[in-house]
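Only one structure is covered here, and it is reproduced in the block below.
Protein chains: 4
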Amino acid sequence: MSINLTQARELLARANRMIANEGVLDAFGHVTMRHPADPKRYLMSRSRAPELVQPEDILEFTLDSQSVKPTDVRLYGERVIHGCIYQARPEVNAVCHHHAPSILPFCISGAELKPVYHLGATLGEKVPFWDARDEFGDTTLIVAKPEEGASLARALGPHWIVLMRRHGATVAGTTLEELTFRTVYTARNAALHIQAHTLGHVSPLNPAETRLAGEYNLRPGPVARAWEYWNVRLDKAEGTWRSQKPKAIAPKKPATKRKTKRRR
Amino acid sequence: MSINLTQARELLARANRMIANEGVLDAFGHVTMRHPADPKRYLMSRSRAPELVQPEDILEFTLDSQSVKPTDVRLYGERVIHGCIYQARPEVNAVCHHHAPSILPFCISGAELKPVYHLGATLGEKVPFWDARDEFGDTTLIVAKPEEGASLARALGPHWIVLMRRHGATVAGTTLEELTFRTVYTARNAALHIQAHTLGHVSPLNPAETRLAGEYNLRPGPVARAWEYWNVRLDKAEGTWRSQKPKAIAPKKPATKRKTKRRR
Amino acid sequence: MSINLTQARELLARANRMIANEGVLDAFGHVTMRHPADPKRYLMSRSRAPELVQPEDILEFTLDSQSVKPTDVRLYGERVIHGCIYQARPEVNAVCHHHAPSILPFCISGAELKPVYHLGATLGEKVPFWDARDEFGDTTLIVAKPEEGASLARALGPHWIVLMRRHGATVAGTTLEELTFRTVYTARNAALHIQAHTLGHVSPLNPAETRLAGEYNLRPGPVARAWEYWNVRLDKAEGTWRSQKPKAIAPKKPATKRKTKRRR
Amino acid sequence: MSINLTQARELLARANRMIANEGVLDAFGHVTMRHPADPKRYLMSRSRAPELVQPEDILEFTLDSQSVKPTDVRLYGERVIHGCIYQARPEVNAVCHHHAPSILPFCISGAELKPVYHLGATLGEKVPFWDARDEFGDTTLIVAKPEEGASLARALGPHWIVLMRRHGATVAGTTLEELTFRTVYTARNAALHIQAHTLGHVSPLNPAETRLAGEYNLRPGPVARAWEYWNVRLDKAEGTWRSQKPKAIAPKKPATKRKTKRRR
């Protein structure tokens, strides 16, 4: 779908706020997308909690994570996470870096995160681990230097999510909608994985199921259903949703017969 | 209670939104009911998150899960789950398929889900398991083909809920209200089961208690109390609830004496 | 504090809604109080989810749990839980029966619930267990018969909370405010107890600390602070709270100097 | 940043409400700050749930925790926690005492709380434990006497958070913003620590990482991002937030091209 820059900034701002509204992002983390007209640029907000990002916050960056226009606003310190992945993966057009509460326990414990239900197949068949200590020793754990971003992109490899030891995760997608779907459902999967672990035994999807279910759930139908759902929930949270045909107090007696109007 | 089609579409749309509001359904899953005038048909929404379903989204299907009227709207891919159960079980008039976060850990771990408190007795005396792999090998895990739906209905047998390995659960009821009660309280039961398990020991209801408590809680009184409660909570969530005699800031001094008016 | 019947009905309705708003009660359970003018009566709502109870729902009962006035509205099936405790314990003036999600795991597992922080000292030094099976064999688990209520009251003995196997808990207090404080904070204590258990070791308050801390926290100061807090939260949830001096978007620059007005 | 007393009371009241809104404080606990013009005084609300604190509730205290002006309003019983720390630590200008649900399990179990992700590095390199029993035997567990507050301050030592056995935690900061950041993120860290523990293995930040990451995250950029985020969330919770350029129902078709106005 060909969209212009204004539309892209609107969509990207909403994606930031949607993923925050679903509990995956808090004050930190970010969602970006490749520039719709120039594969050598990407779009990212100035430094601001994702829940607050508006279209006018969205700036353009080169793949070296330099702001295209001179600016004095504060920028995200971990831009290189995104720029390096866009460089390494031409088919990736959206990236999310987060510290989701359900995924961090895996980043902390080193336990392997596996797809445990069909919607978690969006993890992909392998979930690589990246530990900043391996290459860089003791650091702030913030991925701020180009060599750190490049190292992380190498760890991501051809996969769709990489766990970052003692830090969080970074997710990739071929579209913003796919990226959003994968980001939310891999977090849901992680939460279920932890709960199943407490019951004593986790039996995940096998590689064939992971491939088949991952493909199925990233088709237009499922992605569109979830995208509409999260969009409406965002509007509800922001007070801009108008209920379709709102009802007053739940009727105790069945409603009387009335003409049905096809309303969409 | 005899209701017409318009009333049924209204009730079914509300049941979808109520069960979603109680946290059992998210973007995926569905709630259906048998057609009030024709046992060879059932009612189901077009493909849409349950939280968003409105009466005008409700379509009619044959028990073979074909849309009665020609339509170009997107339909739920797993219609056969419902159609096959309505075929197999003449006394069932409502079905819910969900991926509830409290029940999925049982679907993932294979641990047996048992009734652990009186409201969980609505599970029934046995909770069968269905694993798509047994009959169909590696699949998308989506129950889309008639033979898959028929297999699941066989696994459900004469029981009231079936767990679907690595997927979710499907619940049946003789009325929409009973189906809703069972759907929510089996999910609550599952959450408590997991917590009790972490404390070290789970002692469930025995078969006689399960039968007695299940019967008691599905009587009109308890079902009506919960139905009113969930309906009002839905209205509150949708902004269409008007508080009865709203009070301002909590009074610090007792209110003065006033005439009580019998209001109901 | 001497209050009249109208004030009592208002307070009791609010206590029902407050405790529901704090997550301790859902569709089921109830909060009652002894009649302010007649110790041989108690006040209880008709059968309705606690979150929905209004003053006009409150009816009067004899200690035998008979409605004082003839009525055709549906009554709570488990009235005898309250009537029997009011008979057995002259100093008790309020009772709550609930199925709190944090306390039920103890009812299910049989693990001993202990005070693990100072606010949990309101449990009292001993938390008795009652299992309907012991005296009554297989039942619906509902405490509906006078002999069942009497058995539960015997198990409560001189204590302040009794756990009911595979069912829930019943809490007593000398005032409605104390009952509310104990109900909420014993539930909070139970949640913390479960979490501490997962970390490996639970070291509770000793009996002297339990007595000292329980006494301290049930003094007027702490009880009043929590009572105001829960009341305001209820008003917020019901849309009847007006913010004191509401501020618009959080100021980025410090406010300019202004005259302070004593506003209370 | 030099602020006057009126501004300080406004900020402190908001910090109380913000930390409550983030789930760290409930009916109990308090947030204070050193008087902006007089290091021998500190500011603290009268006794009230933090979620309800308004600027006019803020009173001035000497470091001996005596109210500067005569007053008959009820005061917090545990003032000495704050006064003693302000006496012992000249560089500390804000203190929070809380019973956060994620941190209390550590206070109950005695398990060592460690920084498990970069934002948890704000714990500092050591988290001391204080047990009132050691010096004072059986108490109410309330820190009300000067000698108890002094004992706690000694346990805090040069560190930034002290866990109080069977009670809660006390956090210190050099500014109110830093105190808020540390209070919230140490609580988030504790929650993740518990979850990682259930997965089987917790590998924390090493001391160098703790120092580097702690420093990084307490720089102006990260603190300002979180401060804005929590402020807006508070305004949303209090109904005083106006969405920037609110959108109606989520657009299904991309928006048409429009002039971008730089709005901030």
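Chains as they are written, first to last, in this note's numbering: chain B, 874 to 1137; chain V, 874 to 1137; chain W, 874 to 1137; chain U, 874 to 1137.
Ideal Cβ positions, reconstructed from N, Cα and C, are used throughout, including at glycine.
Helix or strand or just coil, what does DSSP make of residue i?
i: SER920(B); result: coil
i: THR1083(U); result: helix
i: TRP1003(W); result: strand
i: PHE901(V); result: coil
i: LYS1132(U); result: Low confidence applies to LYS1132(U): its pLDDT is 38, below 50, so where it sits in the model is not reliable, and the reading given next is rough at best. Note: LYS1132(U) maps to coil in three-state DSSP.
i: THR1043(V); result: strand
i: ARG933(B); result: Here the sequence assigns Glu to residue 933(B), which means Arg is not the residue at that position. Note: GLU933(B) maps to strand in three-state DSSP.
i: VAL1035(V); result: strand
i: VAL1150(V); result: No information on residue 1150(V) is available, as it lies outside the stretch 874 to 1137 that chain V covers here.
i: ALA910(B); result: coil
i: SER940(U); result: strand
i: GLY1010(V); result: coil
Might you give, ordered along the chain, the residues of its own chain that have their beta carbon closer than 6 angstroms to the beta carbon of residue i, omitting 5 neighbours on each side?
i: HIS991(B); result: ALA1086
i: TYR1102(U); result: none
i: VAL941(W); result: GLU933
i: TYR1089(V); result: none
i: ALA853(B); result: There is simply no residue 853(B) to check, as chain B begins at 874 and stops at 1137 in what is shown.
i: ALA1099(B); result: PHE1054
Using a Cβ-Cβ distance cut-off of 8 angstroms, determine whether residue i contacts chain W.
i: TYR915(V); result: no
i: GLU1101(V); result: yes
i: LEU885(U); result: no
i: ASN877(V); result: no
Within the 8 angstroms Cβ cut-off, does residue i reach chain U?
i: HIS991(W); result: yes
i: GLU921(B); result: Per the sequence shown, the amino acid found at residue 921(B) is Arg instead of Glu. Yes, ARG921(B) counts as interfacial toward chain U.
i: ILE958(B); result: no
i: GLN1068(W); result: yes
i: ARG1039(B); result: yes
i: ARG1135(W); result: Residue confidence for ARG1135(W) is low, a pLDDT of 37 falling below 50, so the modelled location carries little weight; the figure read from the coordinates is stated next. True, the Cβ-Cβ gap to chain U drops below 8 angstroms.
State yes or no: is the beta carbon of residue i nearer than 8 angstroms to at least one beta carbon in chain V?
i: MET1063(B); result: For the sequence presented, residue 1063(B) should be read as Ala rather than Met. No, no contact with chain V.
i: ARG890(W); result: no
i: ARG1098(B); result: yes
i: VAL1044(B); result: no
i: ALA900(W); result: yes
i: GLY1022(W); result: no
Please list, in chain order, all residues of the same chain as residue i whose beta carbon is under 7 angstroms from its beta carbon, the five residues on each side excluded.
i: ILE892(B); result: LEU898, VAL904, PRO923, CYS969, THR1053, THR1056 and VAL1057
i: GLU1008(W); result: SER1024
i: GLY1022(B); result: VAL953, ILE954, GLY956, CYS957 and VAL1016
i: LYS913(W); result: THR935 and LEU936
i: PRO928(B); result: ARG882, GLU883 and ALA886
Taking Cβ positions only, does residue i come closer than 8 angstroms to chain B?
i: ALA984(V); result: yes
i: VAL897(U); result: no
i: VAL1105(U); result: yes
i: ARG907(V); result: no
i: LEU925(V); result: yes
i: HIS903(V); result: no
Excluding the five sequence neighbours on either side, which residues of its own chain have a C-beta within less than 8 angstroms of the C-beta of residue i, listed in chain order?
i: SER875(U); result: PRO909
i: ALA872(W); result: The structure shown does not extend to residue 872(W), since chain W is modelled only from 874 to 1137, so the question has no answer here.
i: ALA963(W); result: Just to set this straight, residue 963(W) is Pro in the shown sequence, not Ala. Correct list, in chain order: PRO912.
i: TRP1033(U); result: THR995, LEU996, GLY997, VAL1044, ALA1045, GLY1046 and ARG1055
Q | Contact between the stretch 1075-1082 of chain B and the stretch 1010-1027 of chain B (3+ Cβ pairs under 8 angstroms) | A | no
Q: Using a Cβ-Cβ cut-off of less than 7 angstroms, list which residues of the stretch 1072-1095 of chain U approach chain B; keep chain order.
A: LEU1072, GLY1073, HIS1074, VAL1075, SER1076, LEU1078, ASN1079, ALA1081, GLU1082, LEU1085, ALA1086, TYR1089 and GLY1094
Q) For the stretch 960-981 of chain W, which residues have a beta carbon sitting closer than 9 angstroms to at least one beta carbon of chain V? A) HIS972, PRO974, SER975, LEU977, PRO978, PHE979, CYS980 and ILE981
Q: Check each residue of the stretch 989-1020 of chain W: if its Cβ is closer than 7 angstroms to any Cβ of chain V, include it; give the result in chain order.
A: ASP1011, THR1012, THR1013, LEU1014 and ILE1015
(Q) What are the residues in the stretch 929-941 of chain V lying within 7 angstroms of chain W by C-beta distance? (A) none
Q: Please confirm if the stretch 1036-1046 of chain W is in contact with the stretch 955-975 of chain W, defined as three or more CB-CB distances below 8 angstroms between the two stretches.
A: yes
Q. Counting Cβ pairs closer than 8 angstroms, one from the stretch 994-1005 of chain W and one from the stretch 945-952 of chain W, do we hit at least three?
A. no
Q. For the stretch 941-955 of chain V, which residues have a beta carbon sitting closer than 8 angstroms to at least one beta carbon of chain B?
A. ARG947 and GLY950
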